[in-house]
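Everything on this sheet refers to the single structure shown next.
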Amino acid sequence: MTFYDEVGGHETFQRLVDVFYREVADDPVLKPMYPEEDLGPAADRLRMFLEQYWGGPSTYSEQRGHPRLRMRHVPFRVDPDARDRWLRCMRAALDEVQLSPLHEATLWDYLERAAYAMVNTMDSAEAGGRPTLATRPAASSPASAEGTTETP
Ligand code: HEM
């Protein structure tokens, strides 16, 4: 029994990304980052990735190839503000799907590490391009980008 099965399989991941993208659609920083107006295809990609990562079908790799998520995020400005907004949307989604405390803690721990690993600039837009001291350097994020975002 994989984690994917334990939390309820496809239905659970579908609900998670549905709520997540509903929140993204309302976020003034995140929404404009998405190249497509329709967030549906992006939701499918995130869902397929998460399903595969947690032991479900490997549809993501069949359709998209090797995840290389850090590389795929290079075109986007993932600064600490974007990361925190992404995590806020994900937190809302996790709260809504209501997993067992252990499953929830496991998934949240992973998502938090992955989000920290995805940060690719410390220049916050508000600071006019100057690095801020209040942010956490990518080099000391809790997990390496590769380890967090590829296969378990
Ligand atoms: C930290 C803040 C993050 C931001 C602002 C962000 C933003 C984006 C954007 C704008 C896209 C392009 C939308 C698309 O066409 O698919 C994208 C793609 C994607 N993101 Fe993120 N992301 C973040 C973190 C993460 C994390 C932590 C994960 C995984 C746990 C993730 C997984 C993905 C996946 C699987 C794709 C589709 C990649 C592909 O196959 O092309 N993202 N992200």
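The sequence shown runs contiguously to residue 152 in UniProt numbering.
Virtual Cβ for every residue (Gly too), placed ideally from N, Cα, C.
These numbers were taken from a predicted model, which means no experiment stands behind them.
- If I'm right that Q14 touches R47 with Cβ under 8 Å, what's the distance once you round it to whole angstroms? 6 Å
- Message: When you compare the segment 27-37 with the segment 91-108, are there three or more beta-carbon pairs, one atom per stretch, that lie closer than 8 Å?
- Response: no
- Item | Cβ shell of T12 (< 8 Å), same chain only, five flanking positions each side left out | V97, L99
- Task: Go through its chain and collect everything with a Cβ distance to P75's Cβ below 8 Å, but skip five positions before and after it.
- Result: none
- Task: Using only the heavy atoms of the ligand HEM, determine whether one of them is closer than 8 Å to the beta carbon of L107.
- Result: no
- Whole-Å CB distance - A43 paired with E36, under 8 Å assumed: Going by Cβ atoms, the distance from A43 to E36 rounds to 11 Å, so no, they are not a contact pair.
- Query: From R64 to W86, what distance separates their C-alpha atoms?
  - Reply: 22 Å
- CB of L39 within 9 Å of CB of V19, strictly: no
- Do you know whose CA, among H10, G8, N120, V7, lies nearest M71's CA? N120
- Query: Comparing the CB of W86 with every heavy atom of the ligand HEM, is any distance shorter than 8 Å?
  - Reply: yes
- Does the Cβ of M118 have 16 or more other Cβ atoms within 10 Å, making it buried, or fewer, making it exposed? buried
- Item | Whether L107 touches V7 by CB criterion (9 Å) | yes
- Query: Where A115 and Y53 are concerned, what is the direct C-alpha to C-alpha distance, given to the nearest angstrom?
  - Reply: 15 Å
- Message: Is any non-hydrogen atom of the ligand HEM found closer than 8 Å to the C-beta of V19, if you look at the structure I gave you?
- Response: no
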